[in-house]
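Novice: Here the numbering used here = 1-based position in the sequence shown + 447. No residue lacks a Cβ here, since even glycine has one placed at the ideal position from N, Cα and C. Since we're looking at a predicted model, the values are computed, not measured.
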Amino acid sequence: KQSAVYPPNRVALSTSQVQTLRHNFILLQKWKFSFEKEPRTDDRSIVITGLPSICGRVAGLDDFFEILAELNHFRGGEIRPAFVKRILAAGFLLL
448 KQSAVYPPNR VALSTSQVQT LRHNFILLQK WKFSFEKEPR TDDRSIVITG LPSICGRVAG
508 LDDFFEILAE LNHFRGGEIR PAFVKRILAA GFLLL
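1. Can you name the residues that DSSP bridges to N519?
2. According to DSSP, is A537 helix, strand or coil?
3. What are the boundary residues of the alpha helix (DSSP H) that includes I526?
4. Let me know if G497 comes out buried or exposed under the rule of 16 or more other beta-carbons within 10 Å of its beta-carbon.
5. Please go through the same chain and pick out, in chain order, the residues whose beta-carbon is closer than 7 Å to the beta-carbon of L515, but skip the five residues on each side of it.
6. Alpha carbon to alpha carbon, how far is D510 from S461?
7. Thinking C-alpha only, which one of G503, R504, A459 is nearest D490?
8. Are the beta-carbon atoms of C502 and L475 separated by less than 9 Å?
9. Could you tell me whether the Cβ atoms of I493 and V452 are closer together than 9 Å?
10. When you compare each of E485, E513, A506 to K479 by their alpha carbons, which one comes out closest?
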């Protein structure tokens with residue numbers, strides 16, 4: 448599920464983060480991150496308009512930067528963002 452960010456957040460990105468974002472734009476949308484528009488090559492910032500919500504907990508900007516770092520080192524296969532793992536693990540601890 449996706450939660451809207453209001454007001455939308457403009458965040459500055461490094462060159463490496465922009466490249467990672469562009470390369471993994473569809474995957475990030477699959478994980479329910481949403482943006483004002485797809486970044487161009489010369490963009491150094493992005494406007495985040497939505498963040499994923501899992502089990503009633505909404506991811507934060509730190510989680511966005513964390514998944515960008517994960518994706519920067521990702522070399523194929525299936526990926527589950529660290530914030531998803533933390534939330535699901537916390538849910539199991541509550542049982």
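Specialist: Inspection of the coordinates gives the following:
1. Along the sequence shown, one-based indexing puts residue 519 at 72. Paired residue(s): none; N519 is not in a bridge.
2. Here the question's residue 537 lines up with position 90 in the sequence shown. Helix.
3. Here residue 526 corresponds to residue number 79 of the sequence shown, with the count starting at 1. No alpha helix (DSSP H) contains I526, which DSSP labels as neither H nor E.
4. The count along the sequence shown starts at 1 and reaches residue 497 at position 50. With 16 or more other Cβ atoms within 10 Å, it is buried.
5. Translated into the one-based positions of the sequence shown, residue 515 becomes position 68. Same-chain partners within the cutoff: Q464, T467, L468.
6. By one-based count along the sequence shown, residue 510 stands at place 63. By one-based count along the sequence shown, residue 461 stands at place 14. When rounded, the distance between both Cα atoms is 16 Å.
7. Reading the sequence shown from its first residue, position 43 is the one you call residue 490. Among G503, R504, A459, the Cα nearest to that of D490 belongs to A459.
8. For this step, residue 502 is matched to residue 55 along the sequence shown. For this step, residue 475 is matched to residue 28 along the sequence shown. No, the pair does not count as a contact, with Cβ atoms beyond the cut-off.
9. Within the sequence shown, residue 493 is the residue found at index 46, counting from 1. Within the sequence shown, residue 452 is the residue found at index 5, counting from 1. Not a contact, by the Cβ cut-off of 9 Å.
10. The residue labelled residue 479 in the question sits at position 32 within the sequence shown. Ranking E485, E513, A506 by Cα distance to K479 puts A506 first.
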